[in-house]
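Down below is the structure, laid out as structure tokens.
In my numbering, the protein residues as written are 11 to 312.
And the structure:
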């Protein structure tokens with residue numbers, strides 16, 4: 011195709027709201043075009059890149075023994091009410107209510123739908139294990155869509171779901187997906203970290219996130235230079251030794267004035283104390299109810 015016929019609208023200057031490097035480069039190279047906040051069109055070059063990524067993902071998922079399906083994006087709200095996740099995820103759900111009052115959810119994820127599908131065909135343990143995956147458009151009502159196609163209201167996602175006859179088989183399925191993800195990231199040429207993570211509303215007792223360290227982002231990972239700890243901030247545990255505190259002597263409680271001293275730093279400076287010798291009280295309002303948290307002076311609340 012001649013250049014004069016190609017749709018490659020390169021840009022010299024990009025909008026000020028394009029913060030992330032990937033977002034700026036995709037706009038400048040003519041890969042995508044913003045239609046509205048969190049909604050993008052993939053242009054010819056961007057679609058070619060997207061298709062190459064999809065080919066890598068599909069190849070590795072097939073090698074891992076997963077079977078591809080395509081589930082509907084428009085899903086009955088009844089399924090979400092049944093599992094209780096309508097209330098859990100209602101802040102990000104995009105919904106449609108017809109004149110006959112039947113409500114639908116534009117799928118942000120497909121656990122409910124793939125479970126309904128599997129329940130129709132799995133009749134015996136002999137039908138297990140079964141691993142299904144799809145590459146599908148998803149919808150989430152992001153309040154602050156940022157970073158281009160990384161965090162948007164409409165996006166394309168690969169999701170996989172396994173059905174197993176025992177915990178041991180589930181561990182095998184999980185490990186198979188774990189290795190498949192490593193292969194996908196390796197073939198994509200990304201420098202990544204595998205982080206122990208919080209399963210959140212998806213549930214489960216084990217979860218890992220594959221993260222690419224970048225200057226822009228909203229997740230923070232904890233990396234210990236002295237041990238193998240690598241975790242998301244949400245579930246990172248404090249392993250600080252208490253040996254140095256074991257000889258501390260508890261003094262009798264006493265009341266003393268702290269005029270105009272409002273922070274731990276101000277109090278420790280005035281009374282020659284260390285932050286870990288104090289307890290601070292923090293008050294929150296959660297769903298209209300007051301919550302009081304007491305933590306050591308050198309710690310923060312997650």
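Think of the CB as a built atom: it goes at the ideal place given N, C-alpha and C, for glycine as much as any other residue.
### Message
Threshold first: 4 residues or longer. Then list the alpha helix (DSSP H) segments lying entirely within the stretch 128-190, N to C.
### Response
none
### Message
Taking the straight line between their C-alpha atoms, what separation do you get for residue 229 and residue 288?
### Response
29 Å
### Message
Rounding to the nearest angstrom, what Cα-Cα distance links residue 11 and residue 227 in this structure?
### Response
38 Å
### Query
Do the CB positions of residue 224 and residue 200 come within less than 8 Å of each other?
no
### Message
Tell me the rounded alpha-carbon separation between residue 85 and residue 311.
### Response
38 Å
### Query
To which residues does DSSP link residue 77 through a beta bridge?
142
### Reduced DSSP category for residue 14 - H, G, I as helix; E, B as strand; rest coil
helix
### Query
Is it true that the stretch 141-150 meets the stretch 161-177, where meeting means three or more beta-carbon pairs spaced less than 8 Å apart?
yes
### Message
For residue 157 and residue 42, I'd like the C-alpha separation in whole angstroms.
### Response
13 Å
### Query
What residues in its chain sit with their C-beta under 6 Å from that of residue 104, if we drop five residues either side in the sequence?
116, 149, 151
### Task
Under 8 Å Cβ to Cβ from residue 189, same chain only, skipping five residues before and after it: list those, please.
74
### Query
What are the boundary residues of the alpha helix (DSSP H) that residue 31 is part of?
31-38
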